[in-house]
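Trainee:
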Amino acid sequence: MQAGLINSDTNFSKKPFLVKARPYLIMTPALLITIGILYPFFTAIFYSLTNYSFRATTFRFVGLKNWTQMFMEPEFWHAILVTGKYALATTGSEMLLGLGIALLLSKESKFTRLLRVLLIFPLMIAPVIATIIWQLMTNNSVGILEKFLNLFGVYNFPWASSAKTALLTATLIDVWVYAPFVILLILAGLQSLPKSPFEAAKIDGGSAWFTFRTLTLPMLKPFMYIALIFRLMASLQEFAIIFALTKGGPGNTLMNLSITGYTTGFAYLKFGESLPYVLTLWLIIYLISRKLVAKWLLVQKTAGGN
Amino acid sequence: MFSTRRNIIALLSILGLFSCGSRKDALDIGHTDKSVLEAKKIAEVGGFRWDMASGVSIKVLLNQHPYAEAIIQKIPDFEKFTGIEVDYAITPEENYFDKVTTSLNSRTGEPDIFMTGAYQVWEYAGANFIQSLDPFIQDSNLLNPDYRIDDIYPGVLGTLRWDRVPGHLTGTGSQWALPLGFELYSLAYNKVVFEKFGLEPPKTIAELIKICETLQEFDGRGSYPIALRGSRNWGTIHPGFMSTFANYGARDFAVENGKLVSKVNSPESVKMTEDWVKLIKIGGSPSWSSYTWYQAGADLGAGKAAMLFDADINGYFQTGKGASKEAVNIAWAVMPLSEGQKEINSNLWTWAIAMNKASNNKLAAWLFLQYFTSADYSLWSALEMNAVDPARKSVWDNPDFKLKMADREGYYETFISTIDGTRILFTPQPHFFETTTEWAATLQSIVAGKYSSVQEGLDILKKKMDEAVEDIIIE
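Residue numbers (the numbering used here), protein chains in the order written: chain A, 957 to 1262; chain B, 180 to 654.
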């Protein structure tokens, strides 16, 4: 046995270079991607501790000044609130709609088969383009949604122009673009569920609500968690829809962490001051997604009967 | 424990590496001035020649605009004429300045030439991103004898001249860019609608508000009296708003004890803002807060709005054959002033071309600058490519151009009446985009009723503006 091992080592040393390098070559893409992620990340941490600005030719280390200043700004706490409200409104609506529509589409018919194909269309449109289309649809002069509301006696609905309805408008666009993603994911989950427990429940005379509550929902939970993780992470960092719609306005109504960070960095050219916003957003997403992934693993085990 | 300590040391080492790299970048600044001397040396040999940089390739960054379209049309002629190869890129305005700033900050020398406005010069000149054109203009070997710089309106050329001292007005110091064209602010209106309602163009803001009351839904639901910009950026403040602000006797900043101090909460500013908010509420589009240049101009052209208080050229682009539904019905009048005001103050925006300080091809870049701001090119672009308002007097005096303008009722007359009072009305300072974006956001909040009074909103804005400029010390 020992001789065999020695033989094997000798063989390895005689192997050509490419064979010996293979493990490292296989790892290289992952390593490059990791560096590509880590380099900007550490750069961001470093510059958040400086007064770096595109406007000045030099910069200096300012310690935690940018961070303490950010925590003292009312705009920061407002941005946290907007980020949270937007994420809850969009993800909540998308999950509820996603589940409801997926359940409706899980029944086999020509119509549902067609709808499943059509549902992919919003996902193929870039969020910025979708927002521009919605801006046209909600335009008070020519918008089709305005004309629709006119039928019910509602004229000049303010949509994104008013602080009271801007969040609702942005949420509508987000739901229109991303709800199909949730629907498709849950639908895939529904179609992969085993048939026998449902047949057994039917034979035992279980009601539709009982079957949904005790069979469908628990077994579907892992898929719902995946959708929730993806959508919550993306909506917390939403930029494109809000920026294209109002640039964070009216006033500061939709100034979330992404838009505040971008505006401070690119419009005001204060990079050192903008990075704490972006890094705080990263931290929030990291902590939430860690919690959700742990929960997902647990739910997956439960759904698998372990 | 050991692992945590090792991680902290690794993190600090990485941060240290970045720190060293960045200091080196900072020290490199200013080393490219030798390229100006090289250009002068080449020109010294045989005097000014259009082919003195033949064989050189330059990169040009353009904003999507009729001015850029005119340049692109003429690039093949320029290449043939000078032997210089031009590689251009065009970017939509929404992201244009992000791209310019990022490129200039990289100090790679690319692009050699870029389009800019006067407000951007206040940032770029201070950051040493932009080449002073004085060494080129003042060298007879480098300046085309036919260039006639004094043909450019002094007020327009002067907006691109600045001494880099925040608080100091434009018009003195180095020339940082040369104008392609410019805009001043006036009232464009639909003359058919005015005739139908028996109205005359308003002379004062009070009259304008009264007209807005008359023109409510003048063409049924969806139509409204006056198109104004309202989106959350500086573009909302600099057109009609800033001109009216100055006409009410208000000012954005004053220099006090070597510091810039915001004056946006002065009684004049409060009165003006109250009237402006009234104008928006009575006459503006219900979607005002999302309105940019494009929506405001398009609504006048489509007949949705009866008036447009914006750049004269915004209305101009809605005229001409097939440009818009109301193309032949648009006319211009001098902007309405405050009660009792006689003197017209109009803000000014100019699109200009400038040279990257880090460019390695400054001679070729300078030839490009001269060619595309020359009298011949300006006339051609104004006549053939709608590149208005031309910055050269000779173009305005040209009979063909006058004939072209005659189709636009009141355009030429309004221009002549306004040009003498046209200048940049903002106080030059490098935080311009921060202070004006906050200004636009506050205006949106006031219109939305967030504050109990205009005074309260402007008091908060003043505090924000003072904080934004607190690092500026004027010696």
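Even for Gly, the Cβ is constructed at its ideal location relative to N, Cα and C.
Bear in mind that the values here come from a model prediction, so they are computed numbers and not experimental data.
Is it the case that the Cβ atoms of leucine 1146 of chain A and alanine 1035 of chain A are separated by a distance below 7 angstroms?
Mentor: Going by C-beta atoms, leucine 1146 of chain A is not nearer than 7 angstroms to alanine 1035 of chain A.
Trainee: What are the start and end residues of each continuous alpha helix (DSSP H) run of 4 or more residues lying completely inside the stretch 383-416 of chain B, in chain order?
Mentor: The stretch 383-416 of chain B contains these whole alpha helix (DSSP H) runs: 384-393.
Trainee: List, in order along the chain, the chain A residues whose C-beta lies closer than 7 angstroms to that of proline 446 of chain B?
Mentor: Correct list: empty, because the minimum Cβ distance to chain A is about 24 angstroms.
Trainee: In angstroms, rounded to a whole number, what distance separates the CA positions of alanine 1012 of chain A and phenylalanine 605 of chain B?
Mentor: So the alpha carbons of these two residues sit roughly 22 angstroms apart.
Trainee: Tell me whether threonine 498 of chain B is buried or exposed, calling it buried when 16 or more other Cβ atoms sit within 10 Å of its Cβ.
Mentor: It counts as buried.
Trainee: Would you report the Cα separation of valine 574 of chain B and lysine 438 of chain B, rounded to the nearest angstrom?
Mentor: One C-alpha to the other measures close to 42 angstroms.
Trainee: If you run the structure through DSSP and keep just helix, strand and coil, what is proline 1150 of chain A?
Mentor: Three-state result, proline 1150 of chain A: coil.
Trainee: What does DSSP give as the partner residue(s) for asparagine 242 of chain B in the beta ladder?
Mentor: DSSP lists B:Thr270 as partners of asparagine 242 of chain B.
Trainee: Using a 10 Å radius around the Cβ and a threshold of 16 neighbouring Cβ atoms, would you call glutamate 1102 of chain A buried or exposed?
Mentor: Glutamate 1102 of chain A should be labelled buried.
Trainee: DSSP three-state label for threonine 1014 of chain A, please.
Mentor: Of the three classes helix, strand and coil, the one that applies to threonine 1014 of chain A here is coil, per DSSP.
Trainee: Quick check on isoleucine 331 of chain B: buried or exposed, where buried means 16 or more other Cβ atoms within 10 Å of its Cβ?
Mentor: Classification for isoleucine 331 of chain B: buried.
Trainee: Which residues, in order along the stretch 612-645 of chain B, keep a beta-carbon less than 7 angstroms from a beta-carbon of chain D?
Mentor: Among the protein chains in the structure shown, which are A and B, there is no chain D.
Trainee: Compare the beta carbon distance of asparagine 320 of chain B and glycine 262 of chain B with 7 angstroms and say whether it is the shorter of the two.
Mentor: Not a contact, by the Cβ cut-off of 7 angstroms.
Trainee: Give a yes or no on contact between the stretch 260-278 of chain B and the stretch 559-577 of chain B, applying the rule of three or more CB pairs nearer than 8 angstroms.
Mentor: With the cut-off at 8 angstroms, the stretch 260-278 of chain B and the stretch 559-577 of chain B do not touch.
Trainee: Could you tell me whether the Cβ of serine 353 of chain B comes closer than 7 angstroms to any Cβ of chain A?
Mentor: No - not a single Cβ of chain A is within 7 angstroms of the one on serine 353 of chain B.
Trainee: Using a beta-carbon distance below 7 angstroms, is glycine 992 of chain A in contact with chain B?
Mentor: False, the Cβ-Cβ gap to chain B never drops below 7 angstroms.
Trainee: Considering just the uninterrupted stretch of the beta strand (DSSP E) at lysine 438 of chain B, what are its terminal residues?
Mentor: It spans 438-441 - the beta strand (DSSP E) in which lysine 438 of chain B sits, taken as one unbroken run.
Trainee: Which two residues bound the contiguous beta strand (DSSP E) that contains glutamate 435 of chain B?
Mentor: Residues 432-435.
Trainee: Nearest-angstrom Cα distance between glycine 209 of chain B and aspartate 291 of chain B?
Mentor: Residue placement at glycine 209 of chain B cannot be trusted, given a pLDDT of 42 that sits under 50; what the coordinates show is reported in the next sentence. Rounded to whole angstroms, glycine 209 of chain B to aspartate 291 of chain B spans 16 angstroms at the Cα level.
Trainee: Please list, in chain order, the chain B residues whose beta carbon lies closer than 7 angstroms to that of leucine 1272 of chain A.
Mentor: Lying before the first or after the last residue shown, residue 1272 of chain A is absent from chain A, which here runs from 957 to 1262.
Trainee: Does the count of Cβ pairs from the stretch 1205-1217 of chain A and the stretch 980-999 of chain A closer than 8 angstroms reach three?
Mentor: Contact between the stretch 1205-1217 of chain A and the stretch 980-999 of chain A is absent, because fewer than three Cβ pairs lie under 8 angstroms.
Trainee: Quick one: list the residues of chain A neighbouring lysine 457 of chain B, beta-carbon separation under 8 angstroms, in chain order.
Mentor: Those within 8 angstroms of lysine 457 of chain B in chain A number zero; the least Cβ separation is about 17 angstroms.
Trainee: From what residue to what residue does the beta strand (DSSP E) around tryptophan 1165 of chain A run?
Mentor: No beta strand (DSSP E) contains tryptophan 1165 of chain A, which is instead part of the alpha helix (DSSP H) from 1164-1167.
Trainee: From what residue to what residue does the beta strand (DSSP E) around phenylalanine 293 of chain B run?
Mentor: First-last of the beta strand (DSSP E) with phenylalanine 293 of chain B: 292-295.
Trainee: Could you tell me the distance, in whole angstroms, from the CA atom of serine 1049 of chain A to the CA atom of serine 632 of chain B?
Mentor: Roughly 37 angstroms separates the two Cα atoms.
Trainee: Closer than 8 angstroms, Cβ to Cβ, to anything on chain A: give me those residues from the stretch 303-316 of chain B, in chain order.
Mentor: Residues Gly305, Ala306 and Asn307.
Trainee: Quick check: is the beta carbon of leucine 604 of chain B nearer than 7 angstroms to any beta carbon in chain A?
Mentor: Answer no: the Cβ-Cβ gap between leucine 604 of chain B and chain A never drops below 7 angstroms.
Trainee: Answer yes if the stretch 347-366 of chain B comes into contact with the stretch 299-316 of chain B, meaning at least three C-beta pairs across the two stretches below 8 angstroms, and no otherwise.
Mentor: Counting Cβ pairs under 8 angstroms, three or more are found: they touch.
Trainee: Which residue or residues does DSSP assign as beta-bridge partners of glutamate 362 of chain B?
Mentor: DSSP output for glutamate 362 of chain B lists B:Trp528 as bridge partner(s).
Trainee: Is the beta carbon of alanine 485 of chain B closer than 7 angstroms to that of valine 146 of chain B?
Mentor: Nothing can be reported for residue 146 of chain B, as the shown portion of chain B is limited to 180 through 654.
Trainee: If you run the structure through DSSP and keep just helix, strand and coil, what is aspartate 454 of chain B?
Mentor: It is helical.
Trainee: DSSP three-state call for glutamine 310 of chain B: helix, strand or coil?
Mentor: Three-state DSSP puts glutamine 310 of chain B in coil, outside helix and strand.
Trainee: In angstroms, rounded to a whole number, what distance separates the CA positions of arginine 430 of chain B and glutamate 447 of chain B?
Mentor: Their backbone Cα atoms lie some 9 angstroms apart in a straight line.
Trainee: Would you tell me roughly how many angstroms separate the C-alpha atoms of leucine 546 of chain B and methionine 534 of chain B, rounded to the nearest one?
Mentor: Distance between the alpha carbons of leucine 546 of chain B and methionine 534 of chain B is about 11 angstroms.
Trainee: Once you ignore the five residues that flank arginine 411 of chain B on each side, which residues in its own chain have a CB closer than 8 angstroms to its CB?
Mentor: Cβ neighbours of arginine 411 of chain B beyond the five flanking positions: Ser468, Thr616, Ala619, Ala620 and Gln623.
Trainee: Does the beta carbon of leucine 974 of chain A sit closer than 7 angstroms to a beta carbon anywhere in chain B?
Mentor: It does not: the Cβ of leucine 974 of chain A has no partner Cβ on chain B nearer than 7 angstroms.
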